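> Structure provided below as structure tokens; questions to follow.
In the numbering used here, the protein residues as written are 5 to 158.
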């Protein structure tokens, strides 16, 4: 009988990605011409970020968060779905690098993005860690012959 590394790998992936995410929330995400840090720390961006999608195209990047949360949800039972969700979250989070402006705190005004801070890079690292971890978990589960279970909420 072989020991299944899945539980340890799952715990490692989940702990690492949660830790990166929580640390990213304590850091500044980016700078604009008018501000650097302060109002752009991770907690504020997660709390108010959904509104940003309404105000500017760059704000749509916030929606990588629910995709990440869905990936975490599927990590244990359905790592293949976690791959899809974390892959989409990674792509969306990296798309922020394509934008030059973001909605300012004043309505109808946008500011140029001048720098990407540690909070942003840690947030992206969270997405990448979850994606890579999901891939590893998928192959571990496949190697040990366990079929991917379907989620039943009862």
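The beta-carbon is built from N, C-alpha and C at its ideal position, and this holds for glycine as well. What you are looking at is a predicted structure, and each value in this text was computed from that prediction instead of being measured.
1. What does the alpha-carbon distance come out to for the pair residue 131 and residue 17?
2. With DSSP collapsed to three states, give me the class of residue 156.
3. How long is the line joining the alpha carbons of residue 77 and residue 19, rounded to whole angstroms?
4. Would you report the Cα separation of residue 2 and residue 145, rounded to the nearest angstrom?
5. Spell out the partners DSSP gives residue 67 in its beta bridges.
6. In angstroms with no decimal places, state the Cα-to-Cα distance between residue 69 and residue 93.
7. Residues in the same chain with beta-carbon distance under 6 Å from residue 135, minus the five sequence neighbours each way, listed in chain order, please.
8. Rounded to the nearest angstrom, what separates residue 107 and residue 71 at their Cα positions?
9. Under the rule that 16 or more other beta-carbon atoms within 10 Å means buried, what is residue 34, buried or exposed?
10. Residue 115 and residue 36 - do their beta-carbons sit closer together than 7 Å?
11. Helix, strand or coil, according to DSSP, for residue 2 in the structure here?
12. What does DSSP give as the partner residue(s) for residue 107 in the beta ladder?
Considering the structure as presented:
1. Sequence index remark: in the chain shown, residue 131 carries index 127 (1-based). Sequence index remark: in the chain shown, residue 17 carries index 13 (1-based). When rounded, the separation of the alpha-carbon atoms in residue 131 and residue 17 is 11 Å.
2. Here the question's residue 156 lines up with position 152 in the chain shown. No answer about residue 156 holds up, because its pLDDT of 41 lies below 50 and its placement is not dependable.
3. As a working note, residue 77 is residue 73 in the chain shown. As a working note, residue 19 is residue 15 in the chain shown. Cα to Cα, residue 77 sits roughly 13 Å from residue 19.
4. Residue 2 lies beyond the range of the chain shown here (5 to 158); nothing can be said about it.
5. The residue given as residue 67 occupies position 63 in the chain shown. BP columns for residue 67 are empty, so no partner.
6. Counting from 1 along the chain shown, the entry for residue 69 is found at position 65. Counting from 1 along the chain shown, the entry for residue 93 is found at position 89. When rounded, the distance between both Cα atoms is 7 Å.
7. Taking the chain shown and counting its residues from 1, one reaches residue 135 at position 131. Taken in chain order, the residues that qualify are 90, 91 and 94.
8. By one-based count along the chain shown, residue 107 stands at place 103. By one-based count along the chain shown, residue 71 stands at place 67. Roughly 22 Å between the two C-alpha positions.
9. Residue 34 sits at position 30 when you count from the first residue of the chain shown. Per the 10 Å Cβ criterion, buried.
10. Residue numbering aside, residue 36 sits at position 32 when the chain shown is read from its first letter. Residue numbering aside, residue 115 sits at position 111 when the chain shown is read from its first letter. Yes. Within cutoff.
11. Any question about residue 2 goes unanswered here, given that the chain covers just 5 to 158.
12. For the purposes of this step, residue 107 is identified with residue 103 of the chain shown, where counting begins at 1. DSSP links residue 107 through a beta bridge to 114.
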